[in-house]
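Residue numbers for the sequence shown follow the numbering used here, so the first one is 8 and each next one is one higher.
Note that beta-carbon positions come from the ideal geometry of N, C-alpha and C, so glycine has one too.
Have a look at the structure below before the remarks.
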Amino acid sequence: MGGCEATLSSCSCGAFQRTFRSAVEMALQKSFEVLGVTVEPTVFLIGLLKEGGSGHPLCVEPEDGPIVPADFDGLHDRATELFDQDPDSKL
């Protein structure tokens, strides 16, 4: 599974995210059709646990897609490194 141990609902993502993702895919597809482009877009939702929250640190929707939480190993450390290197972060 790409997202959580059991189901997406155990990630606090649940059916809303699945529905939202599907709606975005349909809207994208219709927008491209208006432009004369026939595509089947795929949308991925990535959820990060907010600081101090409880639950899974990262969830991916769809769970069974090509993106898995392990793809984001080291994300927090890398984001902190980039933030610290950015001169604007010191303002």
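- About 5 Å separates the beta carbon of Glu-68 from that of Gln-24, a gap short enough to meet the 8 Å contact definition.
- Separation of the CB atoms of Phe-79 and Leu-56 is rounded to 12 Å, and the pair is thereby denied contact status at 8 Å.
- Each of Phe-51, Val-44, Glu-32 was checked against the Cα of Pro-73, and the nearest Cα belongs to Phe-51.
- A direct Cα-Cα distance of roughly 35 Å separates Glu-32 from Asp-91.
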